[in-house]
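**Student:** Please read through the structure below; I'll follow up with questions.
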Amino acid sequence: MNRLSYLYIEKEIKTFNKPTYCFGINERDFYYTLFKISRTYKDLDFSRVCINFITVENNYLGLKNILSDKEFPYTIDWKLHDNIYQDILNQHVALSEQN
20 MNRLSYLYIE
30 KEIKTFNKPT
40 YCFGINERDF
50 YYTLFKISRT
60 YKDLDFSRVC
70 INFITVENNY
80 LGLKNILSDK
90 EFPYTIDWKL
100 HDNIYQDILN
110 QHVALSEQN
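All residue numbers in the sequence shown are consecutive under the numbering used here, ending with 118.
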C-alpha cells in the first residue's frame, strides 16, 4: 500500500488487526536510483523535481544533508484531510505550469 492509503486507514481505523505494511525505500536503493537517473539525465536539476515520498518522518532520506535549500526537490505535505487529492493535484498542476 502507498503512504496515502496507509495514512487514511490509520486515521479511520486507528489500529490494524492484521500486519500492515507501507511500501518504502531504503537509503541505499534511493541513492542508487538517484545515481542512475543522474547519469542518464546529466542536466537534471533536482530543484525542479517533485519527490513525493521524502518526508520529515524519514529524514528526507538524507537529502537535507546533501542538497542546499535552493537545490532541494519539491515534496508533498502528507497531512491527511478531506481535500488531500485536490491539494496534491493542485500542487502538480502548479509545478507543471511553472515548467
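A virtual CB, placed ideally from N, CA and C, is assigned to each residue, including glycine.
Predicted model only: the values in this text are computed from it and were never measured.
On the CB-based measure, 16 or more other CB atoms within 10 Å of its CB, does L63 come out buried or exposed?
**Tutor:** As a first step, residue 63 is located in the sequence shown; it is residue number 44 there, counting from the start. Result: exposed.
**Student:** Compute the distance between the beta-carbons of L86 and F65, then report whether it is under 8 Å.
**Tutor:** For the purposes of this step, residue 86 is identified with residue 67 of the sequence shown, where counting begins at 1. For the purposes of this step, residue 65 is identified with residue 46 of the sequence shown, where counting begins at 1. Cβ distance < 8 Å, so L86 and F65 count as in contact.
**Student:** Tell me, to the nearest whole angstrom, how far the beta carbon of F49 is from that of L80; I am working on the premise that it is less than 8 Å.
**Tutor:** Looking up residue 49 in the sequence shown gives position 30. Looking up residue 80 in the sequence shown gives position 61. The Cβ separation is near 5 Å, so the contact holds.
**Student:** Pick helix, strand or coil for Y27, following the three-state DSSP scheme.
**Tutor:** Residue numbering aside, residue 27 sits at position 8 when the sequence shown is read from its first letter. Here Y27 carries a helix assignment [DSSP, helix/strand/coil].
**Student:** Label L108 either buried or exposed according to how many other C-beta atoms from any shown protein chain fall within 10 Å of its C-beta, with 16 as the threshold for buried.
**Tutor:** The residue labelled residue 108 in the question sits at position 89 within the sequence shown. Flag for L108 reads exposed.
**Student:** For L114, count neighbouring C-beta atoms within 10 Å of its own C-beta (all shown protein chains included) and say buried if the count is 16 or more, exposed if not.
**Tutor:** Translated into the one-based positions of the sequence shown, residue 114 becomes position 95. Label assigned to L114: exposed.
**Student:** For C69 versus Y93, is the C-beta distance shorter than 8 Å?
**Tutor:** For the purposes of this step, residue 69 is taken as the residue at position 50 of the sequence shown. For the purposes of this step, residue 93 is taken as the residue at position 74 of the sequence shown. Yes, Cβ-Cβ distance for C69 and Y93 is below 8 Å.
**Student:** Can you give the beta carbon distance from I95 to Q110, rounded, assuming they're within the 8 Å contact cut?
**Tutor:** As a working note, residue 95 is residue 76 in the sequence shown. As a working note, residue 110 is residue 91 in the sequence shown. Contact flag correct, Cβ pair sits at about 7 Å.
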